[in-house]
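Inspection log for the structure reproduced underneath, given as structure tokens.
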Amino acid sequence: LGISLRIVKNPINSGKGYTIRNGMLQAIGEIAMFTDADLSTPITELDRLIAPIITREKEIVFGSRALPESQIATHQPTIREMAGRVFNQLMKLLTGLPYQDTQCGFKAFHRSQTSWIFEKQKIFGFAFDVEVLFIAQKHGLRCLELPIIWADVAGTKVSMFKGLLAFLELILIRWHYLLGHYTPSNEAVSTTAVNNR
């Protein structure tokens with residue numbers, strides 16, 4: 009198939025957010041993306057995900073399970089869906105992000121314009137997606153929330169304890185922002201500005 013693979017190892021288990029950050033910083037293609045290993049979103053959705061980046065309409069495109077056009081083949085257990093809604097409302101309150109679903113593990117990035125975001129990433133737990141999108145919005149990157157096909161897969165659940173930690177991570181995101189930890193380098197700002205003209 010002509011596909012080149014490279015395995016990136018983490019020295020210790022530091023969380024999903026750390027693993028994603030490590031992979032994104034070592035990516036070399038024009039578009040970098042990540043997806044959940046259980047393929048809860050079928051890989052056939054990939055073309056739709058990256059199309060707005062290829063046409064340079066957006067810098068970031070991410071799948072959403074919560075839009076009216078989204079197709080959910082198998083729902084999560086009711087309590088998890090309820091917890092997700094509570095998390096999303098708190099996320100909107102603390103970050104000002106308008107999105108309906110930040111936690112779907114199906115996201116693509118124009119690498120040259122967004123790699124600096126992962127250099128600034130501080131959150132390595134459940135809420136790392138929120139942090140990445142928050143940084144992008146604060147610096148004017150164009151993001152698209154895309155309705156997708158999705159199905160819950162048994163045995164691939166985030167523990168409720170980690171879910172509770174995510175609420176604390178939302179507060180930490182706000183704290184890092186107020187302290188100026190998400191300010192990009194002048195080079196990153198210049199590159200984004202030029203490419204958005």
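Mapping to this note's numbering: the sequence shown position 68 is 76, numbers consecutive. Even glycine gets a Cβ: it sits at the ideal position worked out from N, Cα and C. These numbers come from a predicted model, not from an experiment.
> How would you write the range of the beta strand (DSSP E) that Phe95 sits in, first residue to last?
Replying inline: Sequence index remark: in the sequence shown, residue 95 carries index 87 (1-based). Annotation: Phe95 is outside any beta strand (DSSP E); the continuous alpha helix (DSSP H) that includes it extends over 86-103.
>> Please give the ranges of any beta strand (DSSP E) in the region 109-192, keeping only runs that are unbroken, at least 3 residues long and fully inside the region.
In response: Within the region 109-192, the complete beta strand (DSSP E) runs of at least 3 residues fall at 114-118, 151-155, 157-159.
>> Among the candidates Leu33, Ile51, Tyr185, whose CA atom is the shortest distance from the CA of Gly113?
In response: If you number the sequence shown from 1, residue 113 lands on position 105. Gly113 has its Cα closest to that of Ile51, out of Leu33, Ile51, Tyr185.
>> Quick check on Phe126: buried or exposed, where buried means 16 or more other Cβ atoms within 10 Å of its Cβ?
In response: Working through the sequence shown from its first residue, we reach residue 126 at position 118. Burial call: buried.
> Which word fits Ser22, buried or exposed, when buried means at least 16 other C-beta atoms lie within 10 angstroms of its C-beta?
Replying inline: Mapped onto the sequence shown, residue 22 falls at position 14. Flag for Ser22 reads exposed.
> Is Asp55 near the ligand MG, with its Cβ less than 8 Å from a heavy atom?
Replying inline: As far as ligands go, the structure on display features none, and thus does not contain the ligand MG.
> What does DSSP give as the partner residues of Ala74 in its beta bridges?
Replying inline: Along the sequence shown, one-based indexing puts residue 74 at 66. Paired residues: none, contrary to the question.
>> According to DSSP, is Ala59 part of a helix, a strand, or is it coil?
In response: Residue numbering aside, residue 59 sits at position 51 when the sequence shown is read from its first letter. Ala59 falls in the helix class under three-state DSSP.
>> Please state the DSSP three-state secondary structure of Ile39.
In response: The count along the sequence shown starts at 1 and reaches residue 39 at position 31. Strand.
>> Can you give me the C-alpha to C-alpha distance between Ile68 and Ile36, rounded to a whole angstrom?
In response: To locate residue 68, count along the sequence shown from 1; it is residue 60. To locate residue 36, count along the sequence shown from 1; it is residue 28. Whole-angstrom Cα-Cα distance: 16 Å.
> Would you call Arg119 buried or exposed, if buried means 16 or more other Cβ atoms sit within 10 Å of its Cβ?
Replying inline: Stepping through the sequence shown from its first residue, residue 119 is reached at position 111. Looking at its Cβ environment, which holds 16 or more other Cβ atoms inside 10 Å, Arg119 is buried.
> How big is the Cα-Cα spacing for Phe132 and Pro19?
Replying inline: For the purposes of this step, residue 132 is taken as the residue at position 124 of the sequence shown. For the purposes of this step, residue 19 is taken as the residue at position 11 of the sequence shown. Here the alpha carbon of Phe132 sits roughly 15 Å from the alpha carbon of Pro19.
> Applying the criterion that 16 or more other CB atoms from any shown protein chain within 10 Å of the CB defines a buried residue, is Thr63 buried or exposed?
Replying inline: Looking up residue 63 in the sequence shown gives position 55. With fewer than 16 other Cβ atoms within 10 Å, it is exposed.
> How many angstroms separate the CA atom of Thr86 from the CA atom of Arg14?
Replying inline: Sequence index remark: in the sequence shown, residue 86 carries index 78 (1-based). Sequence index remark: in the sequence shown, residue 14 carries index 6 (1-based). Taking the straight line from one Cα to the other gives about 38 Å.
> DSSP three-state call for Ile68: helix, strand or coil?
Replying inline: Counting from 1 along the sequence shown, the entry for residue 68 is found at position 60. Here DSSP, grouped into helix, strand and coil, assigns Ile68 to strand.
> Nearest CA to the CA of Ser72: which residue from Gln34, Ile61, Ser48?
Replying inline: Here residue 72 is taken as the residue at index 64 of the sequence shown, counted from 1. Ranking Gln34, Ile61, Ser48 by Cα distance to Ser72 puts Ser48 first.
> Per DSSP, Gln79 is paired with what?
Replying inline: As a working mapping, residue 79 is identified with position 71 in the sequence shown. According to DSSP, Gln79 bridges with Ile157.
> Within this structure, are the beta carbons of Ala40 and Ile157 separated by less than 9 Å?
Replying inline: Position 32 of the sequence shown, counted from the first residue, corresponds to residue 40. Position 149 of the sequence shown, counted from the first residue, corresponds to residue 157. No.
> Grouping DSSP H, G and I as helix and E and B as strand, with all else coil, what is Asn30?
Replying inline: One-based indexing of the sequence shown puts residue 30 at position 22. Three-state DSSP puts Asn30 in a helix.
>> If the criterion is Cβ atoms closer than 9 Å, does the pair Phe136 and Arg29 meet it?
In response: Within the sequence shown, the letter at position 128 stands for residue 136. Within the sequence shown, the letter at position 21 stands for residue 29. A contact, by the Cβ cut-off of 9 Å.
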